[in-house]
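Sequential numbering of the sequence shown, starting at 122, is according to this note's numbering.
Just so it is clear, CB atoms sit at the ideal spot from N, CA and C, and this is done for glycine as well.
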Amino acid sequence: MKSFFRKEDGVTLVELLAALSLAGILLLLISNIFFTSQHQYEVQTKQIDHEADVRYAMNAITKAVRKTNEVSITDERLKTDSSTFELNGSEMLQDDSLLAQNIDSFKLEKNGDQIRITIESTSNGQGKTTSLTTALYIRE
């Protein structure tokens, strides 16, 4: 044991360079995993926000339509007794106040007493969109 502590051999330059190279490669791999995970988190968060916007808008519209006796559809605008829903750019408006953002399309089809509503979100950056469709029947 005594000879071990008295030994004055150091680390050679080659050993030092090899250790630094391995540490650099390891650091590069870890940072790559971190940045990939961060990017995936941002994309998924954006997708979740878009899905929530579409669901919220659809819930508000269906709730308003179910409460009313009369619905009129003109130029991608849905009007009930108490509310008006329309798409302005990428924003869904209810009575000129913001209902939801990130909406790409708002399609309305009326066939007799049936109203078919389709709401689609904007792309999340990877080409994924969220679309909801529902059919409502007007009470007479």
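| Item | Value |
| --- | --- |
| Beta-bridge pairing of N92 - partner residues as DSSP gives them | Only positions 122 to 261 of the chain appear in this structure, which leaves residue 92 out of reach. |
| Residues near T279 in its chain [Cβ-Cβ closer than 6 Å; skip 5 each side] | For the chain, the structure presents residues 122 to 261; residue 279 sits outside this window and is missing. |
| Continuous alpha helix (DSSP H) stretch holding R198: start and end | Note, R198: premise wrong, no alpha helix (DSSP H); beta strand (DSSP E) at R198 to K200. |
| D225 (DSSP reduced to helix, strand or coil) | strand |
| Pick from K188, G246 and I259 that is closest to I169, judged by C-alpha positions | G246 |
| Spatially closest choice to L199 from G210, Y162, A185 and Q161, by CA coordinates | A185 |
| Three-state class that DSSP yields for Q247 in the structure shown | coil |
| Spatial distance of E163 from V132 (CA atoms) | 44 Å |
| Residues that Q215 bridges to, as DSSP identifies them | F206 and S218 |
| Inter-residue spacing [alpha-carbon to alpha-carbon] between T157 and L150 | 11 Å |
| I194: first and last residue of the uninterrupted beta strand (DSSP E) it sits in | S193 to T195 |
| L138 versus H160 - alpha carbon distance | 33 Å |
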